[in-house]
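Novice: The listed protein sequences correspond, in order, to chains A and B. Here my numbering is used: the first residue of the first sequence is 1, the next is one more, and so on. Here my numbering is used: the first residue of the second sequence is 1, the next is one more, and so on. In this text, a Cβ means the ideal position worked out from N, Cα and C, and glycines have one as well.
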Amino acid sequence: TQLLEQSPQFLSIQEGENLTVYCNSSSVFSSLQWYRQEPGEGPVLLVTVVTGGEVKKLKRLTFQFGDARKDSSLHITAAQTGDTGLYLCAGALPYNTNAGKSTFGDGTTLTVKP
Amino acid sequence: DTAVSQTPKYLVTQMGNDKSIKCEQNLGHDTMYWYKQDSKKFLKIMFSYNNKELIINETVPNRFSPKSPDKAHLNLHINSLELGDSAVYFCASRIGTSGSRETQYFGPGTRLLVL
Numbered sequence: 001t002q003l004l005e006q007s008p009q010f011l012s013i014q015e016g017e018n019l020t021v022y023c024n025s026s027s028v029f030s031s032l033q034w035y036r037q038e039p040g041e042g043p044v045l046l047v048t049v050v051t052g053g054e055v056k057k058l059k060r061l062t063f064q065f066g067d068a069r070k071d072s073s074l075h076i077t078a079a080q081t082g083d084t085g086l087y088l089c090a091g092a093l094p095y096n097t098n099a100g101k102s103t104f105g106d107g108t109t110l111t112v113k114p
Numbered sequence: 001d002t003a004v005s006q007t008p009k010y011l012v013t014q015m016g017n018d019k020s021i022k023c024e025q026n027l028g029h030d031t032m033y034w035y036k037q038d039s040k041k042f043l044k045i046m047f048s049y050n051n052k053e054l055i056i057n058e059t060v061p062n063r064f065s066p067k068s069p070d071k072a073h074l075n076l077h078i079n080s081l082e083l084g085d086s087a088v089y090f091c092a093s094r095i096g097t098s099g100s101r102e103t104q105y106f107g108p109g110t111r112l113l114v115l
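Here it is, written out as structure tokens:
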């Protein structure tokens with residue numbers, strides 16, 4: 001059973017379009033992180049959200065943590081070809097139950113065409 | 001000035017062989033991880049060490065044996081390789097375990113292909 005489900009799994013859009021990627025779970029997380037992974041590389045952290053309802057912005061990227069801390073979204077405004085990559089969300093269960101382990105979602109592969 | 005490095009980057013081997021992957025971090029972190037990423041890009045944790053002590057051991061065949069000679073190194077030895085072991089293996093490190101909101105730094109991955 002996948003603890004964190006991401007949607008959509010694949011997304012192909014034109015440069016300049018907006019998009020939203022979702023990360024959903026039935027579990028409550030103490031924090032949630034978003035990573036981007038480019039081909040042939042390891043994932044790189046984009047943001048960490050901690051508080052329910054929290055919104056963080058990173059240039060054209062807007063991240064939101066659900067009020068109940070079970071879900072999150074990533075919105076990209078005016079996508080660029082450089083945004084192409086695999087986007088992964090990772091949720092952390094409370095420390096006393098998992099020794100700081102993060103569980104990763106199944107990923108969203110984004111392709112931005114020129 | 002590489003933060004987390006892995007060797008080798010590519011590994012092609014025959015079924016039944018034994019192989020090792022090495023990982024080193026120069027960030028001074030206390031915690032290191034091994035992840036397996038399958039062909040569908042799903043990233044699954046395998047092991048975690050904190051200051052050379054095993055703290056996370058997921059359901060992984062005992063053919064996989066991690067070893068941490070010091071807190072900057074975490075190696076992964078795989079015995080009797082099987083076709084299903086083909087994947088990309090990522091090493092990662094984090095400053096500690098007290099805050100899972102801390103950043104994990106990933107290595108570039110080792111692409112293992114078992115023939």
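(1) Let me know the secondary structure DSSP gives THR2(B) once reduced to three states.
(2) Who are the neighbours of GLN101(A) on chain B, taking C-beta pairs under 8 Å?
(3) State buried or exposed for LEU58(A), treating a residue as buried only when at least 16 other CB atoms are found within 10 Å of its CB.
(4) Nearest CA to the CA of VAL115(A): which residue from LEU4(A), TYR35(A), SER12(A)?
(5) For VAL114(B), tell me which candidate among GLN25(B), PHE47(B), ASN17(B) has the shortest Cα-Cα distance.
(6) In angstroms, rounded to a whole number, what distance separates the CA positions of LEU45(A) and GLU82(B)?
(7) Nearest chain B C-beta to PHE65(A) closer than 9 Å, yes or no?
(8) So for LEU27(B), helix, strand or coil by DSSP?
(9) Pop quiz: GLN33(A) and VAL47(A) are said to be a contact at Cβ under 8 Å. What is the actual Cβ separation, rounded to whole angstroms?
Specialist: In short, the structure shows the following:
(1) THR2(B): coil per DSSP, three-state reduction.
(2) In the sequence under discussion, the amino acid at residue 101(A) is Lys, which differs from the Gln named in the question. What LYS101(A) touches in chain B: ILE45, SER48, ILE56, SER100.
(3) exposed
(4) Since the first residue shown for chain A is 1 and the last is 114, residue 115(A) is missing from the structure and cannot be characterised.
(5) ASN17(B)
(6) 32 Å
(7) No, because no Cβ of chain B sits closer than 9 Å to the Cβ of PHE65(A).
(8) coil
(9) 7 Å
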